[in-house]
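**Student:** One line per chain: the protein sequences are A and B, in this order. Adding 2 to a residue's 1-based position in the first sequence gives its number in our numbering. Adding 2 to a residue's 1-based position in the second sequence gives its number in our numbering. Each residue gets a CB set at the ideal place from its N, CA and C atoms; glycine is no exception.
Protein chains: 2
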Amino acid sequence: MLALARNARAAARRMAAATREQKDAALEFAARELLRLRDPILQANGEDVAQAREHGLSAPLIERLKLDDTVLLRLAAGLRQVAALPDPVGSEIERRTRPNGLVLRRVRVPIGTILLIFESRPNVTVEAGSLCLKSGNACILRGGSEAAASNRSLVQVLRSGLEQAGLPADAIGTPATSARAALEELLKLDTHIDLVIPRGGEGLIRVVAQQSRIPVIKHYKGVCHVYLHADADADAELAKRIVLNSKLQRVGVCNAAETLLVHRAVVDTLLPTVAKDLLAQGCELRCEAKARAALAAAGLTQVTSADERTFYSEYLDKILSVKVVESLEEAVEHIETFGSRHTDTIVTSNAEAGRRFQQLVDSASVFVNASTRLADGFEYGMGAEIGISTDKLHARGPMGLEELTTYKWLGDGSGQVRV
Amino acid sequence: MLALARNARAAARRMAAATREQKDAALEFAARELLRLRDPILQANGEDVAQAREHGLSAPLIERLKLDDTVLLRLAAGLRQVAALPDPVGSEIERRTRPNGLVLRRVRVPIGTILLIFESRPNVTVEAGSLCLKSGNACILRGGSEAAASNRSLVQVLRSGLEQAGLPADAIGTPATSARAALEELLKLDTHIDLVIPRGGEGLIRVVAQQSRIPVIKHYKGVCHVYLHADADADAELAKRIVLNSKLQRVGVCNAAETLLVHRAVVDTLLPTVAKDLLAQGCELRCEAKARAALAAAGLTQVTSADERTFYSEYLDKILSVKVVESLEEAVEHIETFGSRHTDTIVTSNAEAGRRFQQLVDSASVFVNASTRLADGFEYGMGAEIGISTDKLHARGPMGLEELTTYKWLGDGSGQVRV
Numbered sequence: 003m004l005a006l007a008r009n010a011r012a013a014a015r016r017m018a019a020a021t022r023e024q025k026d027a028a029l030e031f032a033a034r035e036l037l038r039l040r041d042p043i044l045q046a047n048g049e050d051v052a053q054a055r056e057h058g059l060s061a062p063l064i065e066r067l068k069l070d071d072t073v074l075l076r077l078a079a080g081l082r083q084v085a086a087l088p089d090p091v092g093s094e095i096e097r098r099t100r101p102n103g104l105v106l107r108r109v110r111v112p113i114g115t116i117l118l119i120f121e122s123r124p125n126v127t128v129e130a131g132s133l134c135l136k137s138g139n140a141c142i143l144r145g146g147s148e149a150a151a152s153n154r155s156l157v158q159v160l161r162s163g164l165e166q167a168g169l170p171a172d173a174i175g176t177p178a179t180s181a182r183a184a185l186e187e188l189l190k191l192d193t194h195i196d197l198v199i200p201r202g203g204e205g206l207i208r209v210v211a212q213q214s215r216i217p218v219i220k221h222y223k224g225v226c227h228v229y230l231h232a233d234a235d236a237d238a239e240l241a242k243r244i245v246l247n248s249k250l251q252r253v254g255v256c257n258a259a260e261t262l263l264v265h266r267a268v269v270d271t272l273l274p275t276v277a278k279d280l281l282a283q284g285c286e287l288r289c290e291a292k293a294r295a296a297l298a299a300a301g302l303t304q305v306t307s308a309d310e311r312t313f314y315s316e317y318l319d320k321i322l323s324v325k326v327v328e329s330l331e332e333a334v335e336h337i338e339t340f341g342s343r344h345t346d347t348i349v350t351s352n353a354e355a356g357r358r359f360q361q362l363v364d365s366a367s368v369f370v371n372a373s374t375r376l377a378d379g380f381e382y383g384m385g386a387e388i389g390i391s392t393d394k395l396h397a398r399g400p401m402g403l404e405e406l407t408t409y410k411w412l413g414d415g416s417g418q419v420r421v
Numbered sequence: 003m004l005a006l007a008r009n010a011r012a013a014a015r016r017m018a019a020a021t022r023e024q025k026d027a028a029l030e031f032a033a034r035e036l037l038r039l040r041d042p043i044l045q046a047n048g049e050d051v052a053q054a055r056e057h058g059l060s061a062p063l064i065e066r067l068k069l070d071d072t073v074l075l076r077l078a079a080g081l082r083q084v085a086a087l088p089d090p091v092g093s094e095i096e097r098r099t100r101p102n103g104l105v106l107r108r109v110r111v112p113i114g115t116i117l118l119i120f121e122s123r124p125n126v127t128v129e130a131g132s133l134c135l136k137s138g139n140a141c142i143l144r145g146g147s148e149a150a151a152s153n154r155s156l157v158q159v160l161r162s163g164l165e166q167a168g169l170p171a172d173a174i175g176t177p178a179t180s181a182r183a184a185l186e187e188l189l190k191l192d193t194h195i196d197l198v199i200p201r202g203g204e205g206l207i208r209v210v211a212q213q214s215r216i217p218v219i220k221h222y223k224g225v226c227h228v229y230l231h232a233d234a235d236a237d238a239e240l241a242k243r244i245v246l247n248s249k250l251q252r253v254g255v256c257n258a259a260e261t262l263l264v265h266r267a268v269v270d271t272l273l274p275t276v277a278k279d280l281l282a283q284g285c286e287l288r289c290e291a292k293a294r295a296a297l298a299a300a301g302l303t304q305v306t307s308a309d310e311r312t313f314y315s316e317y318l319d320k321i322l323s324v325k326v327v328e329s330l331e332e333a334v335e336h337i338e339t340f341g342s343r344h345t346d347t348i349v350t351s352n353a354e355a356g357r358r359f360q361q362l363v364d365s366a367s368v369f370v371n372a373s374t375r376l377a378d379g380f381e382y383g384m385g386a387e388i389g390i391s392t393d394k395l396h397a398r399g400p401m402g403l404e405e406l407t408t409y410k411w412l413g414d415g416s417g418q419v420r421v
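#1: Per DSSP, A/Ser425 forms a beta bridge with which residues?
#2: I want to see whether chain A comes within less than 8 Å of B/Glu165, judged by CB atoms only; does it?
#3: Could you check what DSSP says for B/Pro400 in three-state terms: helix, strand or coil?
#4: For the structure I just gave you, are there three or more beta carbon pairs, one from the segment 293 to 311 of chain A and one from the segment 244 to 260 of chain A, closer than 8 Å?
#5: Any beta carbon of chain B sitting closer than 8 Å to that of A/Val370?
#6: What number of angstroms, rounded off, separates the C-alpha of B/Ser137 from the C-alpha of A/Val157?
#7: Is it buried or exposed, B/Glu35, if we count other Cβ atoms within 10 angstroms and call 16 or more buried?
#8: Let me know if B/Thr72 comes out buried or exposed under the rule of 16 or more other beta-carbons within 10 Å of its beta-carbon.
#9: What span of residues does the alpha helix (DSSP H) with B/Pro112 cover, start to end?
#10: I'd like to know if B/Ile422 contacts chain A, where contact means its C-beta is closer than 8 Å to some C-beta of that chain.
#11: Quick one: which chain A residues come within Cβ less than 7 Å of B/Asn455?
#12: Does the CB of A/Ser152 have a neighbour CB from chain B at under 8 Å?
#13: Could you tell me the distance, in whole angstroms, from the CA atom of B/Ala236 to the CA atom of B/Thr271?
#14: Going along chain B, which residues have a C-beta under 7 Å from A/Ser373?
#15: What does B/Ala366 reach in chain A if we use C-beta pairs closer than 7 Å?
#16: If we call anything under 8 Å between Cβ atoms a contact, is A/Ile43 one with A/Ser155?
#17: Using a beta-carbon distance below 8 Å, is A/Arg398 in contact with chain B?
#18: At a CB distance below 7 Å, what residues from the segment 94 to 115 of chain B approach chain A? Give them in sequence order.
#19: Within 8 Å of any Cβ in chain B, is that where the Cβ of A/Arg208 sits?
#20: Going by CA-CA distance only, name the one from B/Ala7, B/Ala61 and B/Asn247 that's closest to B/Ile142.
#21: For the candidate residues A/Gly379, A/Ala28, A/Thr347 and A/Val305, whose alpha-carbon lies nearest to that of B/Gly413?
#22: Taking just the CA atoms, how far does B/His194 sit from B/Asp172?
#23: I'd like to know if A/Tyr222 contacts chain B, where contact means its C-beta is closer than 8 Å to some C-beta of that chain.
#24: By how many angstroms is the C-alpha of A/Ala13 removed from the C-alpha of A/Leu191?
#25: Terminal residues of the continuous beta strand (DSSP E) containing B/Glu96?
#26: DSSP three-state label for B/Ile348, please.
#27: B/Lys25 lies in the alpha helix (DSSP H); which residues open and close that run?
#28: Could you check if A/Gln45 is buried or exposed, using at least 16 other CB atoms within 10 Å of its CB as the buried criterion?
#29: Output, in sequence order along the chain, the residues in the segment 231 to 255 of chain B whose CB is closer than 7 Å to any CB in chain A.
#30: Could you run through the segment 183 to 200 of chain A and flag, in chain order, every residue whose CB is less than 9 Å away from some CB of chain B?
#31: How big is the Cα-Cα spacing for B/Met384 and B/Arg107?
#32: Compare the beta carbon distance of B/Leu133 and B/Ala28 with 8 Å and say whether it is the shorter of the two.
#33: Are at least three pairs of beta-carbons, each pair with one atom in the segment 169 to 183 of chain B and one in the segment 75 to 84 of chain B, less than 8 Å apart?
#34: Please return the same chain residues whose Cβ sits closer than 8 Å to the Cβ of A/Ala54, not counting the five positions on each side in sequence.
#35: Run through DSSP, which three-state label would A/Thr115 get?
#36: Within 8 Å, do at least three Cβ pairs link the segment 290 to 307 of chain A to the segment 228 to 246 of chain A?
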């Protein structure tokens with residue numbers, strides 16, 4: 003592990019000085035290699051899938067593991083899209099000329115070596131690897147054991163792309179083993195690795211955060227809220243559209259809504275309308291008492307009851323927690339207590355209420371009259387996303403290429419000294 | 003400790019919504035309290051000093067511990083200076099309008115609750131506390147046991163300022179005990195505390211970094227380099243001025259130079275000139291063999307020999323390590339191996355060499371023809387400094403008010419959903 007990290011560190015130094023042309027060429031070469039090596043890649047993937055079946059992995063997990071021609075074509079297109087994105091490295095964040103004539107520039111530079119830990123989906127190897135490469139970082143990709151053969155073949159594609167472009171292959175590394183002990187060893191190498199990004203289930207991320215001596219950027223889960231304010235019935239169609247899209251457009255993702263908060267003033271009018279559509283689309287509603295009573299009064303009885311765990315739940319499924327609140331402040335309080343600081347949205351026609359919600363809710367993304375599903379690197383115009391951070395330092399919300407950089411201060415002087 | 007952190011967390015929510023006027027008023031009230039409570043503060047400090055003498059603390063440590071009227075006046079002036087600085091909270095970092103009409107704004111917000119750990123100097127209580135307050139954070143100030151009474155009285159001043167301005171006193175907290183066990187407990191409270199900033203000796207900082215479950219921003223030490231390039235003799239006066247200022251303007255600070263690297267081409271011309279002045283000012287020179295030989299040839303024999311620890315050393319004293327290198331690349335390599343990623347400077351009349359040095363050296367601040375002593379929050383125009391980071395994430399180099407903030411994404415929509 004130490005040799006792997008050392009090689010990555012040495013490669014990181016060369017990557018930091020690589021030109022945009024070299025990095026883009028490496029991505030283009032990798033795209034070609036990916037298609038040229040179609041057969042061995044799919045064969046390696048076939049081995050993983052066969053073994054996963056033997057080990058009795060669930061059907062959805064096996065589905066996520068599978069590569070085919072469509073996926074490979076999409077991955078190759080993705081590599082070219084990353085090549086087309088602007089290079090964040092070297093861009094000037096700010097410039098100040100001091101009274102003594104010293105010109106200070108704050109410029110973007112790569113972070114260095116990034117350890118990416120992920121599960122199951124071998125696509126992540128190509129997607130995350132390409133973003134680290136483009137941002138001038140070296141990375142160590144540590145995938146799950148169930149995708150070991152697939153990941154190895156995809157890492158080889160990226161390394162070959164780097165070599166063909168005259169860049170160090172070691173800028174993309176992978177441990178020879180996916181054993182837990184090897185990961186634990188990597189997490190201690192804080193003089194060689196600059197950042198750890200774990201992606202996967204909450205359990206994995208908690209283990210990584212607990213054991214790492216290296217800074218970790220992560221999100222444990224996404225318990226996103228839609229709050230219908232007292233005046234949300236002014237445009238019932240808009241309210242309905244946002245609730246339904248936030249919950250149901252895609253359910254297995256971290257920016258899907260898990261909880262609906264409804265101001266008491268619109269419980270009898272707006273809530274039944276929204277609930278009817280949710281139920282019609284097969285969404286279960288887990289309601290606390292007041293919400294349940296309001297729905298029952300409107301003739302909607304096919305709902306379930308909330309218990310003490312309900313509002314902490316990230317369902318990733320067609321289930322929505324529902325609660326009535328007395329005020330915007332109570333909604334904020336609820337989000338503070340039960341939320342995950344990911345993304346929350348208010349539906350209101352009152353600009354002042356929107357502003358207040360945005361100020362008080364301490365989440366990475368806070369929306370007014372927009373679906374929580376829009377909290378995403380592509381939707382934010384980043385062109386790509388390596389993950390979402392609910393941490394507070396360095397990066398919050400979707401992380402694109404810029405978030406994979408840090409900065410340094412360059413000072414150009416003509417003999418300035420401290421007086 | 004849990005109650006302390008919980009109260010700070012609750013206060014942080016109110017501080018995040020505080021107006022600039024309230025925060026500045028709190029600082030002004032605190033400045034007045036500081037002068038009004040002169041007698042009890044100096045009395046508390048007197049107890050600390052008496053106890054320090056009893057425990058046999060060294061004279062310089064006792065000197066750092068002492069408060070007097072001059073220090074109190076300076077601290078009060080500092081509080082007013084922080085009040086006069088712009089408020090970073092709420093400022094818009096960027097704004098983008100997406101094709102679907104969603105307006106995204108990235109705005110600065112406070113980080114939340116910051117745990118500041120420091121030793122000895124009670125001034126830090128006021129300086130760091132005022133910066134956390136102005137940036138809308140709550141903070142827990144954990145000073146050393148030797149300054150316990152002084153720190154308590156100064157924390158009281160800040161709390162009283164907050165209360166008089168209608169802000170929560172708990173935005174400035176301090177543990178009732180400076181016992182190590184209490185600190186260890188605080189470092190585990192990652193759901194209540196957002197950031198730890200340790201300031202002090204390398205030993206303390208290493209313990210904090212190792213035990214903390216909360217993100218830490220820090221610098222262990224400052225081994226800063228001045229590199230005299232092959233053409234540095236083109237302006238020998240400039241070279242001399244930068245070396246002497248970097249090393250000797252003040253020696254006990256992290257941005258003072260500890261190592262002089264000299265390109266072989268100027269070893270016989272420039273090095274003796276520079277060395278003569280350094281020696282004349284009482285600076286010891288610890289030279290590797292080639293530098294020593296060159297100086298001996300110039301008749302300068304009163305130097306010492308470098309050993310294997312020399313180039314890792316942060317002397318904080320009138321001592322300078324000296325080494326001859328064959329090239330700019332070797333200088334960079336040396337800095338990579340022995341440096342602390344704090345601040346390094348090149349002296350050259352060649353703009354291309356300067357640019358290359360700035361690109362290759364991976365430090366928070368990289369200068370051309372300027373003294374390392376300029377790496378400082380005030381010199382950078384930040385108005386104040388809470389510390390210097392040699393970490394790579396979130397903040398690098400001097401940290402002012404902006405570096406005590408993070409951001410959130412605010413999205414203003416009109417019914418936008420994910421399609």
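**Tutor:** Checking against the coordinates, here is how it stands:
#1: Nothing can be reported for residue 425 of chain A: it is not among the residues displayed for chain A, which extend from 3 to 421.
#2: Sequence index remark: in the second sequence, residue 165 of chain B carries index 163 (1-based). No, B/Glu165 does not count as interfacial toward chain A.
#3: One-based indexing of the second sequence puts residue 400 of chain B at position 398. Per DSSP, reduced to three states, the secondary structure at B/Pro400 is strand.
#4: No: the two stretches stay apart, fewer than three of their Cβ pairs being nearer than 8 Å.
#5: Against the first sequence, residue 370 of chain A aligns to sequence position 368. Judged by the 8 Å Cβ criterion, A/Val370 is in contact with chain B.
#6: Taking the second sequence and counting its residues from 1, the one referred to as residue 137 of chain B is at position 135. Taking the first sequence and counting its residues from 1, the one referred to as residue 157 of chain A is at position 155. Taking the Cα positions, B/Ser137 is about 44 Å away from A/Val157.
#7: What you label residue 35 of chain B is simply residue 33 of the second sequence in a count that begins at 1. Its Cβ being crowded by 16 or more others within 10 Å, B/Glu35 is buried.
#8: For the purposes of this step, residue 72 of chain B is taken as residue 70 along the second sequence, with counting starting at 1. Answer is exposed; the Cβ neighbour count stays below 16.
#9: Within the second sequence, the letter at position 110 stands for residue 112 of chain B. Where B/Pro112 is concerned, there is no enclosing alpha helix (DSSP H), although the beta strand (DSSP E) it sits in stretches over Val105 to Pro112.
#10: Any property of residue 422 of chain B remains undetermined from this structure, which presents chain B solely from 3 to 421.
#11: Past the boundaries of the shown model lies residue 455 of chain B; chain B is included only from 3 to 421, so the question cannot be answered.
#12: Here residue 152 of chain A is taken as the residue at index 150 of the first sequence, counted from 1. Not an interface residue.
#13: By one-based count along the second sequence, residue 236 of chain B stands at place 234. By one-based count along the second sequence, residue 271 of chain B stands at place 269. Inter-residue distance for B/Ala236 and B/Thr271 is about 11 Å (C-alpha atoms, whole angstroms).
#14: Counting from 1 along the first sequence, the entry for residue 373 of chain A is found at position 371. Those within 7 Å of A/Ser373 in chain B are Gln418, Val419 and Arg420.
#15: Numbered from its first residue, the second sequence carries residue 366 of chain B at position 364. Under the 7 Å cutoff, chain A gives Lys410 and Trp411.
#16: Taking the first residue of the first sequence as position 1, residue 43 of chain A is located at position 41. Taking the first residue of the first sequence as position 1, residue 155 of chain A is located at position 153. In this structure, A/Ser155 lies closer than 8 Å to A/Ile43 by Cβ.
#17: By 1-based counting over the first sequence, the position of residue 398 of chain A is 396. Yes, A/Arg398 lies at the interface with chain B (some Cβ there is under 8 Å from its Cβ).
#18: For the segment 94 to 115 of chain B, the beta-carbon criterion of a distance under 7 Å to any beta-carbon of chain A is satisfied by Arg98, Arg100, Leu104, Leu106, Ile113 and Gly114.
#19: Position 206 of the first sequence, counted from the first residue, corresponds to residue 208 of chain A. A/Arg208 does not count as touching chain B.
#20: Looking up residue 142 of chain B in the second sequence gives position 140. With distances taken between CA atoms, B/Ile142 lies nearest to B/Ala7 out of B/Ala7, B/Ala61 and B/Asn247.
#21: For this step, residue 413 of chain B is matched to residue 411 along the second sequence. Distances from the alpha-carbon of B/Gly413 to those of A/Gly379, A/Ala28, A/Thr347 and A/Val305 put A/Thr347 closest.
#22: For the purposes of this step, residue 172 of chain B is taken as residue 170 along the second sequence, with counting starting at 1. For the purposes of this step, residue 194 of chain B is taken as residue 192 along the second sequence, with counting starting at 1. Rounded to the nearest whole angstrom, the C-alpha separation of B/Asp172 and B/His194 is 14 Å.
#23: Indexing the first sequence from 1 puts residue 222 of chain A at position 220. No, because no Cβ of chain B sits closer than 8 Å to the Cβ of A/Tyr222.
#24: To locate residue 191 of chain A, count along the first sequence from 1; it is residue 189. To locate residue 13 of chain A, count along the first sequence from 1; it is residue 11. The alpha-carbon separation between A/Leu191 and A/Ala13 amounts to approximately 16 Å.
#25: What you label residue 96 of chain B is simply residue 94 of the second sequence in a count that begins at 1. Note, B/Glu96: beta strand (DSSP E), Glu94 to Thr99.
#26: Mapped onto the second sequence, residue 348 of chain B falls at position 346. When secondary structure is reduced to three states using DSSP, B/Ile348 falls in the strand class.
#27: One-based indexing of the second sequence puts residue 25 of chain B at position 23. In this chain, the alpha helix (DSSP H) harbouring B/Lys25 covers Arg22 to Arg38.
#28: Start at 1 with the first residue of the first sequence, and residue 45 of chain A comes out as number 43. Flag for A/Gln45 reads exposed.
#29: Residues passing the 7 Å Cβ filter: Leu240, Arg243, Ile244, Asn247 and Gln251.
#30: Here the close residues are Asp192, Asp196 and Leu197.
#31: Sequence index remark: in the second sequence, residue 384 of chain B carries index 382 (1-based). Sequence index remark: in the second sequence, residue 107 of chain B carries index 105 (1-based). Rounded to the nearest angstrom, the gap between the Cα atoms of B/Met384 and B/Arg107 is 24 Å.
#32: For the purposes of this step, residue 133 of chain B is taken as residue 131 along the second sequence, with counting starting at 1. For the purposes of this step, residue 28 of chain B is taken as residue 26 along the second sequence, with counting starting at 1. Cβ atoms of B/Leu133 and B/Ala28: not closer than 8 Å.
#33: Segment contact: the segment 169 to 183 of chain B against the segment 75 to 84 of chain B, fewer than three CB-CB distances shorter than 8 Å; contact not assigned.
#34: Against the first sequence, residue 54 of chain A aligns to sequence position 52. Only Leu63, Ile64, Leu67 and Glu148 meet the Cβ criterion.
#35: Taking the first sequence and counting its residues from 1, one reaches residue 115 of chain A at position 113. Looking at A/Thr115 - three-state DSSP - the assignment turns out to be strand.
#36: No: fewer than three Cβ pairs fall under 8 Å.
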